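Down below is the structure, laid out as structure tokens.
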Amino acid sequence: MTGRRSFFVLSAMVFGFAFLYLPILSMIVYSFNASRLVTVWDSAHSPTLAWYVELFHNDQVLDAARLSFRIAAVNATGAVILGTLAAFALERYTRFRGRTLFGLLTTAPMVLPEVITGLSLLLLFVALDQAVGWPSGRDATTITIAHMTFSLAYVVVVVQSRLATVDRSLEEAAMDLGARPWKVFFVITLPLIAPAIASGWVLAFILSWDDIVITSFVSGPGSTTLPQLVFSKVRLGVSPDINALATILVLIVSVGVAILGVYMMRRDRRRARDAQAAFAVIP
Amino acid sequence: MNSVAGTGLARAVGRLRGSGRSAIGRWFVIAVPYFWLALFFLVPFLIVLKIAFSNIQLSMPPVEPIVTWAGDKVFQLRLHFSNFTFVFGDDLYRAAFLNSLQVAGISTLFALLIGYPMAYGIARAPGTWRNILFLLVVLPFFTSFLLRVYAWMGLLGRNGPINGVLLKLGIVAEPLQLLQTDFAVYLGMVYSYLPFMVLPLYTAIEKLDLTLLEAAADLGCRPTKAFFKITLPLTKEGVFAGCLLVFIPAVGEYVIPALLGGPDTLMIGRVVWDEFFGNRDWPVASALAIVLLVILAGFVLLLQKVQAREKEAA
Numbered sequence: 000m001t002g003r004r005s006f007f008v009l010s011a012m013v014f015g016f017a018f019l020y021l022p023i024l025s026m027i028v029y030s031f032n033a034s035r036l037v038t039v040w041d042s043a044h045s046p047t048l049a050w051y052v053e054l055f056h057n058d059q060v061l062d063a064a065r066l067s068f069r070i071a072a073v074n075a076t077g078a079v080i081l082g083t084l085a086a087f088a089l090e091r092y093t094r095f096r097g098r099t100l101f102g103l104l105t106t107a108p109m110v111l112p113e114v115i116t117g118l119s120l121l122l123l124f125v126a127l128d129q130a131v132g133w134p135s136g137r138d139a140t141t142i143t144i145a146h147m148t149f150s151l152a153y154v155v156v157v158v159q160s161r162l163a164t165v166d167r168s169l170e171e172a173a174m175d176l177g178a179r180p181w182k183v184f185f186v187i188t189l190p191l192i193a194p195a196i197a198s199g200w201v202l203a204f205i206l207s208w209d210d211i212v213i214t215s216f217v218s219g220p221g222s223t224t225l226p227q228l229v230f231s232k233v234r235l236g237v238s239p240d241i242n243a244l245a246t247i248l249v250l251i252v253s254v255g256v257a258i259l260g261v262y263m264m265r266r267d268r269r270r271a272r273d274a275q276a277a278f279a280v281i282p
Numbered sequence: 000m001n002s003v004a005g006t007g008l009a010r011a012v013g014r015l016r017g018s019g020r021s022a023i024g025r026w027f028v029i030a031v032p033y034f035w036l037a038l039f040f041l042v043p044f045l046i047v048l049k050i051a052f053s054n055i056q057l058s059m060p061p062v063e064p065i066v067t068w069a070g071d072k073v074f075q076l077r078l079h080f081s082n083f084t085f086v087f088g089d090d091l092y093r094a095a096f097l098n099s100l101q102v103a104g105i106s107t108l109f110a111l112l113i114g115y116p117m118a119y120g121i122a123r124a125p126g127t128w129r130n131i132l133f134l135l136v137v138l139p140f141f142t143s144f145l146l147r148v149y150a151w152m153g154l155l156g157r158n159g160p161i162n163g164v165l166l167k168l169g170i171v172a173e174p175l176q177l178l179q180t181d182f183a184v185y186l187g188m189v190y191s192y193l194p195f196m197v198l199p200l201y202t203a204i205e206k207l208d209l210t211l212l213e214a215a216a217d218l219g220c221r222p223t224k225a226f227f228k229i230t231l232p233l234t235k236e237g238v239f240a241g242c243l244l245v246f247i248p249a250v251g252e253y254v255i256p257a258l259l260g261g262p263d264t265l266m267i268g269r270v271v272w273d274e275f276f277g278n279r280d281w282p283v284a285s286a287l288a289i290v291l292l293v294i295l296a297g298f299v300l301l302l303q304k305v306q307a308r309e310k311e312a313a
């Protein structure tokens, strides 16, 4: 009986992971295809690195990638600062006026359809432009503001859950010893929640780097991000240099995740060893 | 005596100053993110609401102001409900809303059917494997959403590998039209949102107390029955969370129907986009956004109510 069940679970997993990974693998394989008709394999001239070479000579792609990187990095930094403040406010100050609204405002951007967020932010920028003359037109600044607004919500979730596990008595001890609240935060709390802040930063960076819908609403003619460039290209159909671009991006992320995986496994193994050592002492 | 009172006073002043400073700190910690979210999240909604009640006009911005100066200390507030009556009266919009809900609902169901056994398998896998499999679910989440949808364009195309295999096996005589169909949209939805389903399910299943299942087996309960009587009810929270995480963004999805769907694939996210960018009808786009928001908020509230009732019953 259990044999039959585990066979079912196993085949479901094989199917599920194949479903998740075959499209990505096919994209990688076709990025080495010489034929301009992406999905027709040209066995005479393949595999080739031609599309990679073309990619690195395409100024449009490189400019867009640079812009996206800059926006994503500024966004992640800003979102981490605002998000940590918001997480601190929600976790430590259980009572203040408008706390319910504040809680709603920090979670709503995560569930809201991007079309609505993008539309509303654009309408705000237009209204502000008319009322106070800022921001005049839409560019990297408006994109960054829009990205910060929705990615800070994710930072709040990550940092707040970590803050909830921090031992308050450490902070209280520091306070009793005469440390000022700011010093307590920077010397005690910040190092304890640093891993959450780091993952919040990475998450915010990726959300911004990948965003297409909100960006399309709030960007101007002079500011085309990488996803926008990719989107305008693939709307016309598949193209081989996009496959090459996708392969590079997948590779970067895979290396990052692999490093994380090795770290997680080492930590688990060390824990298991420590536990064993602890039990070995007991006769 | 005097010196004691002096130190007491100094301490009190010091404490006051300290608390004053921490009050300022507290104010700062709350006010900065609050101000940001109010300005860039709350106010924009009020503007959307305002524009939904105004009329289109040929200028920049292409909307009439709803509050006008009528002279003689009188402001005129003109609310046009015409956008809403237009949105509700038009068959196209109604079809778009219904179709979005249907696509999102069916995609959520399929994601659950594929995701649950996956999450179950990962949660029950031995230590090292569990970490690796978990990361394999997270990895697509970190790779570009746009590029993962794009990958299906290559796979489903007329000359793509799927049609190639079907032709070679002699299952079809000529290539199937797979791209730009509703089928492709469903496929793209399930594919893109599957990790959102697996992650909360995995957390719920991992927490499950295995001794309950052993007890059921000892008492002669068959595994299938034990699954429906024990495992599924105890992981219901994960099912709710996963379905919500897939359903809500799927309803308003724009990229997937735009890339994989045909010209007649009606989804509300796409309609809002086209009204805004194509027709430049900001009031109607705003009214559609408001209606979509109300529908989604309704779903979230309904689900919360169901969950609260379940908790009460338990």
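Order-wise, the sequence lines are chains B and U. For the first sequence, numbering that gives the first Met the number 0 begins at 0 and goes up steadily by one. For the second sequence, numbering that gives the first Met the number 0 begins at 0 and goes up steadily by one. Backbone N, C-alpha and C define an ideal beta-carbon position, used for all residues, glycine too. Remember, predicted model here, so these are calculated numbers, not experimental data.
Which chain A residues are close to residue i, counting only those with a beta carbon under 7 Å from its beta carbon?
{"i": "methionine 266 of chain U", "result": "No chain A is part of this structure, whose protein chains are labelled B and U."}
Using a Cβ-Cβ cut-off of 7 Å, state whether residue i counts as contacting chain U.
{"i": "alanine 85 of chain B", "result": "yes"}
{"i": "threonine 148 of chain B", "result": "yes"}
{"i": "glycine 15 of chain B", "result": "yes"}
{"i": "isoleucine 27 of chain B", "result": "no"}
{"i": "methionine 109 of chain B", "result": "no"}
{"i": "phenylalanine 101 of chain B", "result": "yes"}
{"i": "glycine 260 of chain B", "result": "yes"}
{"i": "aspartate 209 of chain B", "result": "yes"}
{"i": "phenylalanine 95 of chain B", "result": "yes"}
{"i": "valine 249 of chain B", "result": "yes"}
{"i": "alanine 64 of chain B", "result": "no"}
{"i": "methionine 0 of chain B", "result": "Because the pLDDT at methionine 0 of chain B is just 42, under 50, the model does not fix this residue reliably, and the value given afterwards should be weighed accordingly. True, the Cβ-Cβ gap to chain U drops below 7 Å."}
{"i": "isoleucine 70 of chain B", "result": "no"}
{"i": "arginine 156 of chain B", "result": "The question names arginine, yet the displayed sequence has valine at residue 156 of chain B. Answer no: the Cβ-Cβ gap between valine 156 of chain B and chain U never drops below 7 Å."}
Chain B beta carbons: is any one of them nearer than 7 Å to that of residue i?
{"i": "asparagine 158 of chain U", "result": "yes"}
{"i": "phenylalanine 83 of chain U", "result": "no"}
{"i": "proline 116 of chain U", "result": "yes"}
{"i": "leucine 78 of chain U", "result": "no"}
{"i": "alanine 288 of chain U", "result": "yes"}
{"i": "phenylalanine 34 of chain U", "result": "no"}
{"i": "threonine 107 of chain U", "result": "no"}
Looking at the structure shown, is residue i part of a helix, part of a strand, or coil, going by DSSP?
{"i": "isoleucine 55 of chain U", "result": "strand"}
{"i": "phenylalanine 276 of chain U", "result": "helix"}
{"i": "methionine 174 of chain B", "result": "helix"}
{"i": "leucine 15 of chain U", "result": "Per-residue confidence for leucine 15 of chain U stands at a pLDDT of 49, beneath the threshold of 50, marking its modelled position as unreliable; the derived number appears in the next sentence. Leucine 15 of chain U falls in the helix class under three-state DSSP."}
{"i": "glutamate 113 of chain B", "result": "helix"}
{"i": "tyrosine 92 of chain B", "result": "coil"}
{"i": "methionine 322 of chain U", "result": "Lying before the first or after the last residue shown, residue 322 of chain U is absent from chain U, which here runs from 0 to 313."}
{"i": "threonine 83 of chain B", "result": "helix"}
{"i": "tyrosine 51 of chain B", "result": "helix"}
{"i": "asparagine 74 of chain B", "result": "helix"}
{"i": "methionine 0 of chain U", "result": "Only weak support is given to the placement of methionine 0 of chain U: the predicted model assigns it a pLDDT of 43, under 50, and the question is left unresolved by the model."}
{"i": "histidine 44 of chain B", "result": "coil"}
{"i": "alanine 225 of chain U", "result": "helix"}
So if DSSP puts residue i in a beta bridge, which residue, or which two residues, is it bridged to?
{"i": "valine 62 of chain U", "result": "U:Ile55"}
Name, please, each residue of chain U whose Cβ falls closer than 7 Å to the Cβ of residue i.
{"i": "phenylalanine 230 of chain B", "result": "Leu145"}
{"i": "tryptophan 133 of chain B", "result": "Residues of chain U passing the Cβ test: none, with the nearest at roughly 12 Å."}
{"i": "tryptophan 181 of chain B", "result": "Gly24"}
Residue i versus chain U: which residues are under 9 Å apart at the beta carbon?
{"i": "arginine 35 of chain B", "result": "Correct list: empty, because the minimum Cβ distance to chain U is about 12 Å."}
{"i": "phenylalanine 7 of chain B", "result": "Pro116"}
{"i": "aspartate 267 of chain B", "result": "Gly126, Thr127 and Asn130"}
Would you mind telling me which residues of chain B sit closer than 7 Å to residue i, beta carbon to beta carbon, in chain order?
{"i": "tryptophan 272 of chain U", "result": "Val114"}
Quick one: list the residues of chain B neighbouring residue i, beta-carbon separation under 8 Å, in chain order.
{"i": "alanine 150 of chain U", "result": "Pro22, Ile23, Ser25, Met26 and Ala245"}
{"i": "glutamine 254 of chain U", "result": "Sequence check: residue 254 of chain U is valine here, not glutamine. Under the 8 Å cutoff, chain B gives Ile211, Val212 and Phe230."}
{"i": "isoleucine 170 of chain U", "result": "In chain order: nothing, as chain B lies at least about 18 Å away."}
{"i": "valine 31 of chain U", "result": "Leu81 and Leu84"}
Run through chain B and tell me which residues come within less than 9 Å of residue i, C-beta to C-beta.
{"i": "glycine 120 of chain U", "result": "Ser5, Val8, Leu9, Ala11, Met12 and Gly15"}
{"i": "tyrosine 190 of chain U", "result": "Phe18, Leu19 and Pro22"}
{"i": "leucine 134 of chain U", "result": "Val256, Ala257, Leu259, Gly260 and Met263"}
For a contact defined as C-beta to C-beta under 8 Å, what are the partners of residue i on chain U?
{"i": "arginine 234 of chain B", "result": "Ala257 and Leu258"}
Three or more C-beta pairs below 8 Å linking the region 15-23 of chain B and the region 138-152 of chain U = yes
query = Is the number of C-beta pairs between the region 23-40 of chain U and the region 92-108 of chain B that are closer than 8 Å three or more?
reply = yes
request  = Could you tell me whether the region 196-203 of chain U touches the region 226-244 of chain U, using the rule of 3 or more Cβ pairs below 8 Å?
outcome  = yes
message = So, does the region 254-265 of chain U touch the region 148-168 of chain U, judging by three or more C-beta pairs under 8 Å?
response = yes
query = Can at least three beta-carbon pairs, one atom from the region 173-181 of chain B and one from the region 34-43 of chain B, be found at a separation below 8 Å?
reply = no
ask   = With a cut-off of 8 Å, do at least 3 Cβ pairs link the region 285-304 of chain U to the region 76-89 of chain U?
value = yes
query = Can we say the region 156-170 of chain U touches the region 214-229 of chain U, given the rule of at least three CB pairs closer than 8 Å?
reply = no
query = Is there contact here, the region 151-158 of chain U with the region 104-119 of chain U, by at least three beta-carbon pairs under 8 Å?
reply = no
inquiry  = Within 8 Å, do at least three Cβ pairs link the region 142-160 of chain B to the region 186-205 of chain B?
reply    = yes
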